[in-house]
Structure formats: structure tokens, C-alpha cells
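Before any comments, here is the structure.
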Amino acid sequence: MAQRRHIRNILAAVVALLAQSVTAVDWNQWSLAKTYDSTNFFEEFAFWVSTEERVDPTHGYVNYRNASDAQRLGLADIKGGAVYLGVDSKTANMDPNATFGRSSVRVYSMQQYKFGLFIYDIAHFPAKACGVWPAMWMYGANWPKNGEIDIYEGWNDNFEMTRQTLHTSPGCRVLGAGQTNKMEWIDCNVANKSQPFNFGCSSDRLDGSWGSSNGGIFAVQWTPKGIQMWNWAHDAAPRDIETRAPAPNTWGTPNFNTQGAGNECDIERLFGEQWLVFNTVFCGDAAAADTYWHQTSCYKKGHMTCADYVAKHPAAFTDVYWLINSVNIYLPAGLTPPSIKPRGAALPEHAEEIRTAPSWE
């Protein structure tokens, strides 16, 4: 009994020390810790690969390719100094009932982060199109235990707003105070049966960024006290982002804010280490759902299912691609991210096949 008590005391002391080290950090002073861009992106991001057993976690009509195939098919490349992530816009007359759908890519950072300031400089967002569901997001292992942060997301051709969402276990509600986004659903708990399944605390923003060929700047501040998100057109972004001396406390009201009046969200408990993710899926649980598909121009023209349209109209997806200038990650002094995983080590549980990226020169 005494030994057990001694072990508990040691564990309690360790937890207290870790908590003290986090709270002692100055969360108003950010220093650049990591940059992902054309010089290192494909060396530090891994490709999630579709298999017959697990084509796509969101049940999409898609075929996620490995790095070598993605390069060979023109789905992943370096163009004009930016990272290009595209989809197949050439293959015609596909089988809408096939196991594998239209080819695309889904990539994960091989390093995880807990807390930080994440600034995404995007030159081109995937164009709006029927059946398309692009997303720029973060999530942790054992979902939803370690949470998910959706930074940029939407689907289909009639969607005009950029969606930003948190997905968690029970214990987080965002009512909408202290932010500019409109809340669609307020409980971040994915299992809340009074909301659509897995919607989380979802918010929308109508600002022209969705599907923009001009891209934009998106920022996420994640500290033990809260999560905030902002975005701007390139010519409207704060000057301190360009100079790499970001000061979020001068940026004004965020789009999304867990610290608004009346909110409750246990950030430290609900959000663990996260991977950074970019992907474009076709159809899937959102874009193909009757609620959304029946609102598209394609359904109104007689395309009864999402997969049927996507299978037969490759040219509709010519401009469905990401161009990523950079992702800059800032940390406060004294806070370091987990070590980068060695290539081939365990990444997300869905990444069944990890292959070394080919030369991208």
C-alpha cells in the first residue's frame, strides 16, 4: 500500500511539474519553430494510401495515391515554388460503383504538435465543384479522444462559406460570442445525438475565401486557454505575419473563438498532439449526403448521385487543386514539439501504407 501511495505521489508531482511548465510559458511571444514549404514538404509529409479494406475514412468515392503514384499521375508536385496537391481531372467513364473512385491525395505531417500558432499561406484553394470536399485540418490519434481542428473546409459547387469546426469528446461548447463566424452547431462533442452525427461545433464564414483561386492566409492560435482562428486575403493580412513577428493579440476579433462569453472548453484535456492534414475527397459523408447533394446544380440537372457525376465528368475538376506557399509554425519560448517520427514509423491509424517520397526536383 505504501509503495502504491509513493508511486501516486510521484505521478502527481510529475503532472504538476508539467502543468507548471506549460502555464509558465509566455503565450504572447511567438518564435518561428518550423516551416513547411516547397523545399521540404514532401520529405516531411506522408501519404495516406487507399486499400480495399479502407478506401477512405469518410466513405468517399476516391482513391488516395501513394507518393510515387501521385507524382507519376501529376497529383503532387512543386509548381512555381509552391506545393501542388491536385486530383485526377483526366480519367473518363469511370464506374461509379467501383471500390476505388477518382484519384486524389491525402497527406499528413510526420510531426505532431500540441499548442502553437499555425499560419497557412495558400496561393490557390481547390475550386468549387459538385462532389468535391477539400479540407485543411489537424487531428490527433484515437479520434475523437485527442480532438480535431478544421481550419478550412466545405463541399460541392453551391457552398459559399468557409467552414471552421472543432470535433471533441464531451466537454466543449462554443456559443459564438467574441467571434465573427456564425455558429451552426454549438456542441463540439461528436456524439451529441441532438446534432447531425459528427458535426461538432461548426461555424461558417462568408468572406470570399471558399474556393478562391487567389488563396489566402489562415491562422490558428492554440494555447492551453483556448483556440482562435483568423483568415485574410493576401493583401489584407497583418504586416507582422509577413515579417514573421506575429502578434495575434493585435489582430482583432477572431473568426472562431473558444474563449467567448458563455463558452466552456477544456482545451488541455480534449486536444492532444495533432497531425497537420491536407486532403481533397470526392463525395463522402458530407458532399454525397442527400441534404447537400440535392442542393447542387448537378443534381438539379439530373445527376442523381454524387459518385455518378464524379465518375463521368473529369474536366469539372481541372481547377480542384491546392497550391501551398508555406505553413509556418510558431511556438513560445520553452515549448518544444514532439520529436519528428522516423520515416515509416506509425502515423495516423488510417495510414496503412507509408512510402518514401520520390525526388521532387
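If you count by mature numbering (1 follows the signal peptide of the UniProt record, and there is no 0), then the sequence shown holds residues -24 to -1, 1 to 337, one letter each, in order.
No residue lacks a Cβ here, since even glycine has one placed at the ideal position from N, Cα and C.
These figures come from a predicted structure and were not determined experimentally.
Cβ-heavy atom distance between N304 and the ligand FMN below 8 Å?
-> The ligand FMN is absent from the structure shown, which contains no ligand whatsoever.
Assess, as a yes-or-no matter, whether the segment 42 to 50 is touched by the segment 287 to 304 under the definition of 3 or more beta carbon pairs within less than 8 Å.
-> no
Going by alpha carbons, who is nearest to G130 out of W109, G154 and D71?
-> W109
Look up V63 in the DSSP assignment and say whether it is helix, strand or coil.
-> coil
For I217 and S189, the rounded distance between their alpha carbons | 21 Å
Using a Cβ-Cβ cut-off of 6 Å (strictly less than) and excluding sequence neighbours within five positions of I305, which residues of its own chain qualify?
-> A9, K10, G92 and F94
Cα-Cα separation between R245 and K277, rounded to whole angstroms | 47 Å
Any chance the segment 292 to 301 sits against the segment 63 to 83, with 3 or more Cβ pairs inside 8 Å?
-> yes
Around the C-beta of K121, are 16 or more other C-beta atoms found within 10 angstroms, so that it is buried, or is it exposed?
-> exposed
Taking Y228 as the reference, give the member of T256, S179, D284 and G154 with the closest Cα.
-> A small correction: the amino acid at residue 228 is Gly; Tyr does not occupy that position in the sequence shown. Among T256, S179, D284 and G154, the Cα nearest to that of G228 is on G154.
Taking C-beta to C-beta, are Y115 and N255 nearer than 9 Å?
-> no
Could you please give the first and the last residue of the uninterrupted beta strand (DSSP E) stretch that includes R215?
-> Element bounds for R215: not the beta strand (DSSP E) but the alpha helix (DSSP H), R215 to E218.
Since Y60 contacts V303 with CB under 8 Å, what's their CB separation in whole angstroms?
-> Actually they are not in contact, since the Cβ atoms of Y60 and V303 sit about 15 Å apart, beyond 8 Å.
List the endpoints of the continuous alpha helix (DSSP H) containing G147.
-> That residue, G147, is in no alpha helix (DSSP H); it is neither H nor E in DSSP.
Just reading off the alpha helix (DSSP H) that E244 is part of, what are its end residues?
-> I243 to L246
Pull up the distance between the alpha-carbon of W113 and that of S85, whole angstroms please.
-> 11 Å
Can you tell me which of the three DSSP states K55 falls into?
-> strand
Between the beta-carbon of residue 355 and the beta-carbon of G248, is there less than 9 Å?
-> Past the edges of the chain, shown from -24 to 337, lies residue 355, and the structure says nothing about it.
Is the segment 174 to 192 touching the segment 70 to 80, taking contact as three or more C-beta pairs under 8 Å?
-> no
Counterpart residues of I305 in DSSP-defined beta bridges = K10 and F94
Residue range of the beta strand (DSSP E) that T199 falls in?
-> G192 to T199
Minimum C-alpha distance to N301 - residue among N16, R149 and W119 | N16
V83 - containing beta strand (DSSP E), residue span | R82 to S85
For D2, the three-state DSSP class (helix, strand or coil) | coil
Give me the Cβ distance between P200 and I243, rounded to the nearest whole Å; I'm assuming they're in contact under 8 Å.
-> 6 Å
Around the C-beta of G107, are 16 or more other C-beta atoms found within 10 angstroms, so that it is buried, or is it exposed?
-> buried
CB of I125 within 9 Å of CB of Q250, strictly = yes
Taking the alpha-carbon positions, what's the Q140 to H270 distance?
-> 23 Å
Assumed close pair W208, G192 - CB separation to whole angstroms, cut-off 8 Å | 6 Å
Measure the alpha-carbon distance for L151 versus P172 and round it to whole angstroms.
-> 17 Å
Any idea what DSSP makes of V286, helix, strand or coil?
-> helix
Just the C-alpha distance for D163 and T272, rounded to the nearest angstrom, thanks.
-> 27 Å
So which of G260, T281 and Y275 has the shortest CA-CA distance to Y37?
-> G260
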